[in-house]
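Notes follow the structure.
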Amino acid sequence: MQKGRADRLAHEMRVSAKTASNWLTGAKLPQLDRMIELAERLQVSFDWLATGRGQPGVLTREEREHIEELRGLTEKDRENVLKITHVFRGQAGPDDGDVA
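Quick note on this note's numbering: the sequence shown kicks off at 1 and runs consecutively.
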């Protein structure tokens with residue numbers, strides 16, 4: 001069952017099945033721009049996806065606005081924001097893996 005989910009996610013996100021599987025199992029986390037896209041595609045709260053706190057629910061207007069603000073940041077600034085979320089989660093930094 002996990003393989004099917006990983007294959008679908010890999011296709012939708014244009015990454016390898018291994019990368020998608022790592023995201024689904026929590027072995028590795030996607031880079032910030034991928035997390036933004038995932039939250040939008042899955043229609044879940046970015047905060048929940050990035051930190052595991054709160055409810056997965058649909059994106060609020062405020063969260064959509066924050067996502068738009070994040071898109072306006074430079075790649076370096078987005079990576080710094082993501083590093084901060086990883087510190088709060090107690091996990092290693094992001095790993096986007098290989099692109100399919």
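Even for Gly, the Cβ is constructed at its ideal location relative to N, Cα and C. Owing to the predicted nature of the structure, the values given are computational and were not obtained by experimental measurement.
Throw me the rounded Cβ distance for the alanine 10 and alanine 20 pair, which I believe falls under 8 Å.
4 Å
Delimiting residues of the alpha helix (DSSP H) encompassing lysine 83
75-89
If you count every other CB in all the chains shown that lies within 10 Å of the CB of threonine 51, and 16 or more means buried, which is it?
exposed
Using the beta-carbon count (16 or more within 10 Å), is arginine 34 buried or exposed?
buried
Per-residue burial, proline 56 [other beta carbons within 10 Å of its own, 16 or more giving buried]
exposed
Count the other C-beta atoms from every protein chain shown that fall within 10 angstroms of the C-beta of threonine 85, then say buried if there are 16 or more, exposed otherwise.
buried
Following the continuous alpha helix (DSSP H) through leucine 49, name the residue where it begins and the one where it ends.
46-51
Please report the distance separating the alpha-carbon of valine 15 from that of leucine 49.
18 Å
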